[in-house]
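Numbering (this note's numbering), first residue to last: 46 to 225.
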């Protein structure tokens, strides 16, 4: 039995010390995911706390099949989606709400940007576009999975991703031209 399995088993026995260690180990990973799905640090911190409550309540369901970190990430993403459903925010923007100015884009420019700069631009997207973009590009989900999670059609997921990319192109151009 490795240390991680021991830690999980202790959490399943409701050991406060073990849960504190679990929090210390996994909170940076979960907080990073929460930041990608929220607009600000305060909401991300609230979501982080909700995620750990969910983990604590569901830790007995973990069956030591597959990665524990993957299991936690899945719970976190689901909690992020539920967080927005509870706030009754619309996760889907009208498809015709944005028209890109041009299809020309210099991908070399993006490759010169830091990950922090790119995430700052991604965080400027509306919640619907950002959620689909994060799930597809960053988390690696397929459109069928995104559609099921967000209760939208695959076509809507694809459209949201396409629009998110177009908006990101415009935002990056504006940022590089000093307009933002």
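All residues carry an ideal CB built from backbone N, CA and C; glycine is no exception. In this text, all values refer to a predicted model and were calculated from it rather than measured experimentally.
Taking 9 Å as the cut-off, the Cβ atoms of residue 109 and residue 53 count as close. Of 113, 198, 96, 48, the smallest CA-CA separation from residue 79 is found for 96.
The distance from the Cβ of residue 56 to that of residue 104 is about 5 Å, consistent with a contact at the 8 Å cut-off.
Assigned with DSSP and collapsed to three states, residue 127 falls in helix. Here residue 163 is exposed: its Cβ has fewer than 16 other Cβ atoms, across all protein chains shown, within 10 Å.
Measuring C-alpha to C-alpha distances from residue 84 to each of 64, 60, 67, 125 identifies 125 as the nearest.
Collapsing the DSSP output to three states places residue 186 in coil.
A straight-line Cα-Cα distance of about 22 Å links residue 87 and residue 178. In the assembly as shown, residue 202 is a buried residue. Its beta-carbon has 16 or more other beta-carbons within 10 Å. Counting along the chain, the unbroken alpha helix (DSSP H) around residue 211 starts and ends at 199-221. For residue 221, the closest C-alpha among the options 117, 166, 128, 171 is that of 166.
When the alpha-carbon of residue 188 is set against those of 199, 66, 61, the nearest one is in 199. Taking 9 Å as the cut-off, the Cβ atoms of residue 212 and residue 170 count as close.
Here residue 98 carries a helix assignment [DSSP, helix/strand/coil]. The alpha-carbon separation between residue 63 and residue 107 amounts to approximately 15 Å. The straight-line gap separating the alpha-carbon atoms of residue 173 and residue 98 is approximately 25 Å. With contacts defined by Cβ atoms closer than 9 Å, residue 117 and residue 100 form a contacting pair. By the beta-carbon neighbour count (other beta carbons within 10 angstroms, threshold 16), residue 160 is exposed.
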